[in-house]
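Here's the structure we're looking at; comments come further down.
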Amino acid sequence: MKRSKATSTTAAPDWKVTRVALYVDHDVLYANEHQQVRVRAYIEAKNNGDPVPLTQAEIASVSLIDYNAPRNAIPFSTQARATAWKGWSAQRVYNEYAYHPAAARDGHSPSTPGAGGDYVELYLSADAEALAGPLMLGFTITGDNGWRYRTDGYVFEPGSDKGAFNTLYDTGPDKAVRAEPPIVYASSEFVLERLEGHRYGDAPDVAIFDDIVTVSIVTGGRVVALRSMQCKPAGMIHWTDVLPDTHNPCYTGYAEPGGTAIAWNDDVPVGSLPRPTLSVAIPGKGTIMLCGRNDIPRAGHEGAPQEPVKVTLRDTYGSEQHCHIGFVAGERDTLKVS
0 MKRSKATSTT AAPDWKVTRV ALYVDHDVLY ANEHQQVRVR AYIEAKNNGD
50 PVPLTQAEIA SVSLIDYNAP RNAIPFSTQA RATAWKGWSA QRVYNEYAYH
100 PAAARDGHSP STPGAGGDYV ELYLSADAEA LAGPLMLGFT ITGDNGWRYR
150 TDGYVFEPGS DKGAFNTLYD TGPDKAVRAE PPIVYASSEF VLERLEGHRY
200 GDAPDVAIFD DIVTVSIVTG GRVVALRSMQ CKPAGMIHWT DVLPDTHNPC
250 YTGYAEPGGT AIAWNDDVPV GSLPRPTLSV AIPGKGTIML CGRNDIPRAG
300 HEGAPQEPVK VTLRDTYGSE QHCHIGFVAG ERDTLKVS
């Protein structure tokens, strides 16, 4: 149906919003700039009394506001820190970080939406500033005819900043979201699990092998999936002692959760055998590739990187975690977290 535009700022519009609702599907998140909460704006509109769907321009005009300071829209940004209102930023796309474990519930939509009703999904993320207190939400929508509806109850004619109040458009001050500090896991909650591959050689102290060691977070018996992992430097090498003739070290590289590309440290000597490849991705866990060799003497490689690597991870909720992974002194091929 072709829409007619208002010909006067005082005339009643032919197109108008007739019903609004706001659903907060998840009301709490971690203030880590990545995790989101989902909210849905519900809008019914009519043109000359007939229900009509929203146009793409009208959908794009929908933005969230601070209900208690309604002139302030929550800025759209891919991350909270870039441009935030009281630590909050809005997004139109779900970034696939898991929702807060205490907010794993769905909101409720009308069982029978009215004809012409549209849902517009929006998301919010938060940084540390949002820890100051909850945010009461509303939203605005602007019609193609220039009329603007704000869900603290005000309607604005085209070009006007002075609105008229109408309870029909007031979604109320109870649509709140809040932020919590991100959980920081202790080193004891980082778990290394070794998956041994084929070994060449009978003596353990000189065996050649390429083993996978997975890195995960386990808290309260629950595994927290990982989204990313980086090691700096990418790898290290370890001899059991400082004798120059010791030639049976182990060295490491790493792969991101769900990835098969192994990052190596080019300052680590590798001996005569090629570096291994990873054929199977391991989702939700980081991978340390642990390589045992027997032809890399310590003599001539005293400056090779032997210190524990700094590990930066991002968990399934979007929170950044840190630890160090290194070798146990005096043992050939045992890794530990610190």
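Residue 0 is where the sequence shown starts when you use numbering that gives the first Met the number 0, and the numbers rise one by one after that. Every residue gets a Cβ at the ideal spot worked out from N, C-alpha and C, and that includes glycine. The model shown is predicted, which means the values in this text are computed figures rather than measured ones.
- In summary, Ala-254 is buried, with 16 or more beta-carbon neighbours lying within 10 Å of its beta-carbon over all protein chains present.
- Taking 7 Å as the cut-off, the Cβ atoms of Leu-53 and Asp-117 count as close.
- Ranking Ser-187, Pro-248, Arg-226 by CA distance to the CA of Gly-219 puts Ser-187 first.
- Per DSSP, Ile-58 lies in no beta strand (DSSP E) segment; the continuous alpha helix (DSSP H) that holds it begins and ends at 55-60.
- Selection Val-279, Leu-334, Pro-273, Asp-244 evaluated against His-300 yields Asp-244 as nearest (Cα-Cα).
- With fewer than 16 other beta carbons inside 10 angstroms of its own, Tyr-199 counts as exposed.
- For Arg-221, the enclosing beta strand (DSSP E) stretches over residues 221-223.
- By the Cβ criterion, the region 275-294 is not in contact with the region 152-165, since fewer than three pairs of Cβ atoms, one from each stretch, lie closer than 8 Å.
- Following the DSSP letters along the chain, one finds Ala-125 inside the beta strand (DSSP E) bounded by residues 117-125.
- In this chain, the beta strand (DSSP E) harbouring Glu-179 covers 175-179.
- Check the Cα spacing between Arg-18 and each of Glu-43, Ala-185, Ala-131, Asp-332: the tightest is with Glu-43.
- In summary, Lys-231 is exposed, with fewer than 16 beta-carbon neighbours lying within 10 Å of its beta-carbon over all protein chains present.
- For Gln-320, the enclosing beta strand (DSSP E) stretches over residues 319-326.
- For the set Gly-283, Leu-134, Cys-249, Leu-63, the Cα lying nearest the Cα of Arg-91 is the one of Leu-63.
- Residue pairing by DSSP places Glu-43 opposite Arg-18 in a beta bridge.
- Around Thr-166, the same chain offers Gly-152 as residues with beta carbons nearer than 7 Å, after the five sequence neighbours per side are excluded.
- With a contact defined as Cβ atoms closer than 8 Å, Thr-170 and Ala-20 qualify at about 6 Å.
- From the listed residues Ile-324, Ala-72, Asp-265, Trp-238, the smallest Cα separation to Thr-150 is found for Ala-72.
- Taking C-alpha positions only, Glu-330 is separated from Asp-240 by approximately 9 Å.
- Judged by their CB atoms, Arg-226 and Asp-210 are not nearer to each other than the 7 Å cut-off.
- Excluding the 5 residues flanking it on each side, Arg-39 has same chain C-beta neighbours closer than 6 Å at Tyr-22, Tyr-118, Glu-120, in chain order.
- Bounds of the beta strand (DSSP E) holding Asn-165 are 163-169.
- For Arg-70, the enclosing beta strand (DSSP E) starts and ends at 68-72.
- Residue pairing of Asp-49 in beta bridges, as defined by DSSP: Asn-46.
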